[in-house]
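See below for the structure under consideration.
Here is the structure:
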């Protein structure tokens, strides 16, 4: 499994909005500068997140984006699944029902199913708030005098 640029940037966008949620609506220009991501690329990602109800939009002066819910209500799995589609390690696990004609006799299927569970559980266990908290823990040791 490989997470695409779209998935990685969507996660960074959501994380940036979570970190700056106290600032009200945040412009894509500001996110693009902080995250070193093209504003044009972010403009392609935002509609997917907005349609899914992950973002709220405010147009006009002082407009921008903000999270629709609290950072602890978004998991990495939710964001990546939305932008990537399936997170399954093999194609036969992409759908709810495995339609592979070899599935009944496939000796490797349990391996892929186990890996799929590990990926899903791991990503479901990490929220935007967890990522913010971890970043603060690591940056807390940076003292400047």
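In my numbering, the protein residues as written are 2 to 146.
Here a beta-carbon is modelled for each residue, glycine too, at the ideal position from N, C-alpha and C.
Remember, it's a predicted structure, so these values are computed and weren't measured experimentally.
How many whole angstroms separate the CB atoms of residue i and residue j, which I take to be in contact at a CB cut-off of 8 angstroms?
i, j, result
"residue 66", "residue 124", "So it is not a contact: roughly 23 angstroms between Cβ atoms."
"residue 29", "residue 43", "5 angstroms"
"residue 120", "residue 88", "6 angstroms"
"residue 4", "residue 116", "About 15 angstroms; that fails the 8 angstroms criterion."
With a 10 Å radius around its C-beta and 16 neighbouring C-beta atoms as the bar for buried, classify residue i as buried or exposed.
i, result
"residue 15", "buried"
"residue 27", "buried"
"residue 132", "buried"
"residue 10", "buried"
Could you check which residue in the options has the C-alpha nearest to that of residue i?
i, options, result
"residue 1", "72, 77 and 60", "A query on residue 1 cannot be resolved here, the shown segment of the chain reaching from 2 to 146 and no further."
"residue 86", "109, 61, 28 and 53", "53"
"residue 96", "114, 106 and 84", "114"
"residue 83", "103, 59 and 55", "55"
Is the Cβ of residue i closer than 7 angstroms to any Cβ of chain C?
i, result
"residue 64", "Among the chains in the structure shown there is no chain C, since it carries only a single protein chain."
Three or more beta-carbon pairs under 8 angstroms between the stretch 35-44 and the stretch 69-86, yes or no? no
May I have a chain-ordered list of the alpha helix (DSSP H) segments no shorter than 4 residues that lie completely inside the stretch 14-70? 29-36 and 40-52
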